[in-house]
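Novice:
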Amino acid sequence: MRPLPKLTPENEFFWTAGADGVLRFQYCGACDRYLHPPGVLCPEGGEAPEIREVSGRATVVGLTVNYQPWLPDMEVPYVIGLVAIEEDPLVRLTTLIVDAEPEDVVIGLPVSVRFEQHKDVWLPVFAPTGEPPVEADEYAEPAPAPVRAMPVSDKFESKVAITGIGLSEVGRRLGRDPMGLAVEACQAAVADAGLTVDDIDGLSTYPGGSAKDGGHSEGGIYPVADALGIAPTWFCGTMETPGQSGAVVNAMLAVAAGLCRHVLCFRTVWETTSIAWGNRQNTGVGGGARISGEMEWRLPYGAMSAGNWIALMASHYFHRYGATREQLGWIPVTERAGAAHNPVAIYQEPMTIDDYLDARMITTPFGLFDCDVPCDGSTALVVSAVDAASDGPHRPVLVEAVGTQMRERMSWDQGTLLHEPMVDGPSAHLWSRTDLKPADVDVALLYDGFSFNALSWLEGLGFCGKGEGAAFVEGGTRIARGGEIPLNPHGGQLSAGRLHGYGFLHEAVTQLRGHGGGRQVDDAEVAVVSTGGGHPGGAFLFTRS
Numbered sequence: 022m023r024p025l026p027k028l029t030p031e032n033e034f035f036w037t038a039g040a041d042g043v044l045r046f047q048y049c050g051a052c053d054r055y056l057h058p059p060g061v062l063c064p065e066g067g068e069a070p071e072i073r074e075v076s077g078r079a080t081v082v083g084l085t086v087n088y089q090p091w092l093p094d095m096e097v098p099y100v101i102g103l104v105a106i107e108e109d110p111l112v113r114l115t116t117l118i119v120d121a122e123p124e125d126v127v128i129g130l131p132v133s134v135r136f137e138q139h140k141d142v143w144l145p146v147f148a149p150t151g152e153p154p155v156e157a158d159e160y161a162e163p164a165p166a167p168v169r170a171m172p173v174s175d176k177f178e179s180k181v182a183i184t185g186i187g188l189s190e191v192g193r194r195l196g197r198d199p200m201g202l203a204v205e206a207c208q209a210a211v212a213d214a215g216l217t218v219d220d221i222d223g224l225s226t227y228p229g230g231s232a233k234d235g236g237h238s239e240g241g242i243y244p245v246a247d248a249l250g251i252a253p254t255w256f257c258g259t260m261e262t263p264g265q266s267g268a269v270v271n272a273m274l275a276v277a278a279g280l281c282r283h284v285l286c287f288r289t290v291w292e293t294t295s296i297a298w299g300n301r302q303n304t305g306v307g308g309g310a311r312i313s314g315e316m317e318w319r320l321p322y323g324a325m326s327a328g329n330w331i332a333l334m335a336s337h338y339f340h341r342y343g344a345t346r347e348q349l350g351w352i353p354v355t356e357r358a359g360a361a362h363n364p365v366a367i368y369q370e371p372m373t374i375d376d377y378l379d380a381r382m383i384t385t386p387f388g389l390f391d392c393d394v395p396c397d398g399s400t401a402l403v404v405s406a407v408d409a410a411s412d413g414p415h416r417p418v419l420v421e422a423v424g425t426q427m428r429e430r431m432s433w434d435q436g437t438l439l440h441e442p443m444v445d446g447p448s449a450h451l452w453s454r455t456d457l458k459p460a461d462v463d464v465a466l467l468y469d470g471f472s473f474n475a476l477s478w479l480e481g482l483g484f485c486g487k488g489e490g491a492a493f494v495e496g497g498t499r500i501a502r503g504g505e506i507p508l509n510p511h512g513g514q515l516s517a518g519r520l521h522g523y524g525f526l527h528e529a530v531t532q533l534r535g536h537g538g539g540r541q542v543d544d545a546e547v548a549v550v551s552t553g554g555g556h557p558g559g560a561f562l563f564t565r566s
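For reference, each letter of the sequence shown is one residue, going 22 to 566 in this note's numbering.
#1: Would Ile72 be called buried (16 or more neighbouring beta carbons within 10 Å of its own) or exposed?
#2: Hey, how far is the Cα of Ala310 from the Cα of Val403?
#3: Alpha carbon to alpha carbon, how far is Gly258 from Gly264?
#4: Please report how far the alpha carbon of Pro30 lies from the alpha carbon of Met334, in whole angstroms.
#5: Measuring straight from C-alpha to C-alpha, what distance separates Trp255 and Gly398?
#6: Where do the N-terminal and C-terminal ends of the alpha helix (DSSP H) with Tyr342 fall, by residue?
#7: Three-state secondary structure (DSSP) at Ser399?
#8: Whole angstroms is fine: what's the gap from Glu190's alpha carbon to Thr437's?
#9: Within its chain, find whatever has a CB closer than 6 Å to the CB of Gly127; leave out the 5 residues flanking it on each side and keep chain order.
#10: Roughly how far, in whole angstroms, is the beta-carbon of Arg428 from the beta-carbon of Gly446, given that I think they are within contact range, below 8 Å?
#11: Got a sec, what are the start and stop residues for the alpha helix (DSSP H) Ser448 sits in?
#12: Are there 16 or more other CB atoms within 10 angstroms of the CB of Gly553, so buried, or fewer, so exposed?
#13: Exposed or buried, Arg519, counting other C-beta atoms within 10 Å across all chains shown (16 or more means buried)?
#14: So, helix, strand or coil for Trp478, using DSSP?
#15: Does the separation of the CB atoms of Asp391 and Ser472 fall below 8 Å?
#16: Look up Cys392 in the DSSP assignment and say whether it is helix, strand or coil.
#17: Am I right that Gly497 and Thr373 are in contact with their C-beta atoms under 8 Å? What's the rounded C-beta distance?
#18: Suppose the cutoff is 8 Å on Cβ atoms and the five residues either side in sequence are ignored; what does the same chain contact list for Asn300 look like?
#19: Taking DSSP as the reference, what is the three-state secondary structure of Gln348?
#20: Could you tell me whether the stretch 76–85 touches the stretch 172–189, using the rule of 3 or more Cβ pairs below 8 Å?
#21: Scan the stretch 102–135 and note each continuous beta strand (DSSP E) run of 3 residues or more that stays entirely inside, going in chain order.
#22: Excluding the five sequence neighbours on either side, which residues of its own chain have a C-beta within less than 6 Å of the C-beta of Pro90, listed in chain order?
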């Protein structure tokens, strides 16, 4: 069944506009701008917007040909487009491009609106006008907010350290209860820190208990505290943080403020087993209930996956900078070479660039090996007060800086066209909190839910210039172990498995301890970590003590 938006007083004007064939958006007269998605106030003018008709003409600024059969009533392949409306190019719609062969849909193609009725909803889709593509060197880009200076010189990061790490069994369709995985990882992290559960006075996790049914949580703080017999002084479990590892930032803040001495952070995924047990909630498929919030603007068009959403930016990047799939492929190929030395990686067998190019397409420009590997597993780490960190059996890993600032809209389609959303804010904020520079980093553990994620982070963090990432990774030598900036030497999520950000934290500590074995980066003293995979995002800079 096609997911359809829930009609509300705020959005009904948009989703029912097709009844008379006229596309409508909110408009603020005070600042002469259109607004989307609908809101109660214009964020710049501060006024309640009016509803205004538009021409229905637009330009394709991003596209992906989707080959994944997400919905039974949508035959693949179909073209998901990101179109900028003629009246205001900063207002964009994720939509379907219809009445055109997939190979004829290109960046710059002029299109006009059509409406498809589904029950009481008219979905605006777009068809080519017959005019030639617009040849433009520049497309509208929203200006990011400035980076805020440190409000105090006494950094909270200097008061904390990572003292313990733990990893459960990791695999595909393990068939285990996720709580068992969480307990296994948590116990390992506490022991690795040289502590007992009685020493743990804080718990922090992402995303909390609400995501258990989708295979993205073990159940949250309460059942883990009960299973381990911990009565925390402080605890936190939430999704609205700077990336999945925002729970770790929260833990650092609690320790630095003196609420706790040792906070146990954990993250459990069991997506493959959840799906095998018949749970499809995590895909957005099924159920028949109306959807609301940010998903209502994508799921009705069969844009069911973050792969679809991120591919829209990747297509624009490819168009703007002349990047190729072969260049992008060196990220998964190089990471697979590292995974061969990681005994817990899901995929360890060698992969060539030809293997990458020959794999089936998922959603252009992403093929099978551009997509991370769903798995079951749990990761945990202990954040301790720095004055207690030296008591453990391992060298503590120090925290040099974090990057958490939001500089752009929390949106998959209203922000930048040039990279994954929510990369530049955390990256710039990270470097504003340290005297270290990208050249000082020895190993990069960068989020790679899709290969383009890692490319965006390489550019955002300053390891190469904007638009230079594809050429930077080409051939794999610069990002290999022993190269300029070794990238995800454990295999990343593309080969080691989607531990949803926390695998990068585990590998950063492993590398800075010198415990990487055959994948160890020589003399690794500084590691950068990013998590997010879209929005929101966050970054860390860790150092060896």
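Heads up, the beta-carbon is just placed ideally off N, CA and C, and yes, glycines get one too.
Since we're looking at a predicted model, the values are computed, not measured.
Specialist: Quick look at the numbers:
#1: With a 10 Å radius around the Cβ and a threshold of 16 neighbouring Cβ atoms, Ile72 comes out exposed.
#2: Cα to Cα, Ala310 sits roughly 40 Å from Val403.
#3: Looking at the two C-alpha atoms, the distance is approximately 13 Å.
#4: For Pro30 and Met334, the distance between alpha carbons rounds to 31 Å.
#5: Answer to the nearest angstrom: the Cα atoms are 25 Å apart.
#6: Looking at the DSSP string, the run of the alpha helix (DSSP H) that includes Tyr342 is Ala327 to Tyr342.
#7: Looking at Ser399 - three-state DSSP - the assignment turns out to be strand.
#8: One C-alpha to the other measures close to 38 Å.
#9: Looking at the sequence provided, one finds Val at residue 127 rather than Gly. If we look at Val127 and ignore the five residues flanking it on each side, its Cβ neighbours are Pro154.
#10: Correct: roughly 3 Å between the Cβ atoms.
#11: Following the DSSP letters along the chain, one finds Ser448 inside the alpha helix (DSSP H) bounded by residues Asp445 to Ser453.
#12: That one is buried.
#13: When all chains shown are included, Arg519 counts as buried.
#14: In this structure, Trp478 counts as helix in the three-state DSSP scheme.
#15: Yes, these two residues count as a Cβ contact at 8 Å.
#16: Strand, per DSSP.
#17: Contact flag wrong, Cβ pair sits at about 11 Å.
#18: Taken in chain order, the residues that qualify are Asp234, Gly235 and Gly236.
#19: If DSSP states are grouped into helix, strand and coil, Gln348 belongs with the helices.
#20: Counting Cβ pairs under 8 Å, fewer than three are found: no touch.
#21: The stretch 102–135 contains these whole beta strand (DSSP E) runs: 109–118.
#22: Closer than 6 Å at Cβ, skipping near neighbours: Val97.
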